[in-house]
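Numbering (the UniProt record's numbering), first residue to last: 1 to 273.
Structural data, given as structure tokens:
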């Protein structure tokens with residue numbers, strides 16, 4: 001295999017279960033060693049979120065982050081302040097001072113993300129980072145990824161949903177039969193067309209059935225806007241998501257091309273002129 005990660009890259013690693021995605025990420029960050037070959041140019045500051053977070057379960061989220069920040073060279077006050085800032089952005093539910101063992105999977109994942117970002121990483125490696133996150137944290141994670149890349153870092157992540165990788169990655173590596181091959185992402189090939197679906201309570205007043213929208217194929221972002229649910233969906237999956245919404249008694253307020261899709265089309269027209 002031959003894999004290169006450059007400054008500013010946002011790369012996805014895709015493959016079937018058991019194909020070796022997590023092993024490749026562990027080799028990338030230095031937690032595992034390749035049986036043959038070598039890894040060169042590994043940067044000094046690496047943020048890593050494993051597929052299973054195993055922080056010490058008896059200490060609180062903020063105590064854990066403060067401790068990890070101290071290990072990475074921050075003062076106690078700076079580590080604590082940075083931890084507070086990250087947990088606030090991620091909207092941690094369950095209490096910053098509650099033991100880690102009392103947190104839900106999604107909130108434990110928020111702590112894992114925060115520890116990876118305590119110090120601005122040169123390389124951020126995320127193993128299924130969207131797994132278990134609530135809707136509000138999906139867009140925040142996307143912001144973190146963009147911020148790391150914009151500040152000269154590189155990001156490598158895995159996710160089993162193609163819509164996620166097509167939306168957030170600028171390139172991708174596929175693992176199959178023990179081989180790693182490069183393929184284009186949203187900036188190196190065809191770009192997945194996205195739509196914005198806005199759902200609301202029907203005018204009859206009958207309450208719709210709750211749906212975990214983020215796990216549906218094609219849904220890359222979810223948000224609450226007043227009494228509405230706003231979904232960002234890959235166009236090829238929009239019919240299926242609409243059907244699910246209607247089956248669960250949701251009313252469709254609007255369905256339109258996503259804002260950034262319209263912006264890209266306008267930019268293209270401007271360039272042509």
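Glycine residues also receive a C-beta, built at the ideal position from the N, C-alpha and C atoms.
Within 10 Å of its beta-carbon, does residue i have 16 or more other beta-carbons around it, so buried, or fewer, so exposed?
i           : result
residue 85  : exposed
residue 66  : buried
residue 2   : exposed
residue 52  : exposed
residue 10  : buried
residue 252 : exposed
residue 165 : buried
residue 87  : buried
residue 31  : exposed
residue 36  : exposed
residue 232 : buried
residue 152 : exposed
residue 161 : buried
Quick check: the Cα distance between residue i and residue j, rounded to an integer number of angstroms?
i           : j           : result
residue 223 : residue 75  : 35 angstroms
residue 73  : residue 175 : 36 angstroms
residue 254 : residue 229 : 11 angstroms
residue 200 : residue 82  : 37 angstroms
residue 274 : residue 5   : Past the edges of the chain, shown from 1 to 273, lies residue 274, and the structure says nothing about it.
residue 20  : residue 80  : 35 angstroms
residue 38  : residue 158 : 22 angstroms
residue 110 : residue 96  : 11 angstroms
residue 7   : residue 216 : 32 angstroms
residue 18  : residue 28  : 17 angstroms
residue 26  : residue 127 : 9 angstroms
residue 141 : residue 130 : 8 angstroms
residue 263 : residue 202 : With a pLDDT of only 40 at residue 263, under 50, the local geometry of the prediction cannot be trusted, and no value is derived from it.
residue 207 : residue 227 : 12 angstroms
residue 247 : residue 240 : 11 angstroms
residue 78  : residue 94  : 23 angstroms
residue 71  : residue 144 : 22 angstroms
residue 122 : residue 182 : 22 angstroms
residue 236 : residue 242 : 11 angstroms
Shortest alpha-carbon distance to residue i belongs to which of the options?
i           : options            : result
residue 59  : 173, 68, 51        : 68
residue 257 : 251, 245, 238      : 238
residue 234 : 195, 247, 250, 208 : 195
residue 249 : 231, 218, 210      : 210
residue 57  : 108, 204, 216      : 108
residue 106 : 138, 121, 78, 122  : 138
residue 146 : 24, 132, 167, 161  : 167
residue 135 : 154, 112, 213      : 213
residue 193 : 218, 178, 33, 204  : 218
Considering only the beta carbon of each residue, do residue i and residue j sit closer than 8 angstroms?
i           : j           : result
residue 156 : residue 198 : no
residue 90  : residue 61  : no
residue 276 : residue 220 : As shown, the chain starts at 1 and ends at 273. That puts residue 276 outside it, with no answer to give.
residue 64  : residue 100 : yes
Consider the C-beta atom of residue i and the heavy atoms of the ligand MG; say whether any pair is separated by less than 7 angstroms.
i          : result
residue 78 : This structure lacks the ligand MG, and indeed carries no ligand of any kind.
Three Cβ pairs or more, each shorter than 8 angstroms: is that satisfied between the stretch 116–123 and the stretch 40–48? yes
Between the stretch 9–17 and the stretch 165–172, do at least 3 Cβ pairs fall closer than 8 angstroms? These segments touch.
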